[in-house]
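**Student:** In case it helps, my numbering puts the sequence shown at residues 42 to 104.
No residue lacks a Cβ here, since even glycine has one placed at the ideal position from N, Cα and C.
Questions regarding the structure given below will be posed in turn.
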Amino acid sequence: MKITIDPDLCTGCEDCTEACPSLFKLGSNWIAEPLHDSVPTDLEGEAKKTASLCQFEAILISE
Ligand code: SF4
42 MKITIDPDLC TGCEDCTEAC PSLFKLGSNW IAEPLHDSVP TDLEGEAKKT ASLCQFEAIL
102 ISE
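What follows is the structure, encoded as structure tokens:
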């Protein structure tokens with residue numbers, strides 16, 4: 042599983058970084074970044090849950 046952030050949609054609101062700091066960090070340009078190239082298996086549920094929290098739909102999950 043892979044997380045991609047759409048930089049055109051992300052507003053840097055920090056909802057994802059606060060909800061799941063083990064998967065997301067805020068980059069220096071105030072755009073969220075995934076912490077892992079591939080989501081650890083035990084965090085896949087958390088990744089999907091956090092993606093659904095993003096009110097700007099900027100978090101994309103792919104298999
Ligand atoms: S919740 Fe969405 S808009 Fe907010 S920082 Fe995370 S990816 Fe960006």
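For the candidate residues 83, 103, 67, whose alpha-carbon lies nearest to that of residue 57?
**Tutor:** Ranking the options by Cα distance to residue 57, first place goes to 67.
**Student:** Report all residues from its chain with a CB closer than 7 Å to the CB of residue 84; omit the five preceding and five following residues, and keep chain order.
**Tutor:** Around residue 84: 63, 64.
**Student:** I think residue 102 touches residue 89, with their Cβ atoms under 8 Å apart; what is that distance to the nearest whole Å?
**Tutor:** Confirmed, Cβ separation roughly 6 Å.
**Student:** Does any heavy atom of the ligand SF4 sit closer than 6 Å to the C-beta of residue 86?
**Tutor:** For the ligand SF4, not one heavy atom lies less than 6 Å from the Cβ of residue 86.
**Student:** Measure the C-alpha to C-alpha separation of residue 73 and residue 59 and round it to an integer number of angstroms.
**Tutor:** One C-alpha to the other measures close to 11 Å.
**Student:** Can you check DSSP and say which residues form a bridge with residue 73?
**Tutor:** Looking at the DSSP assignment, residue 73 forms a beta bridge with 67.
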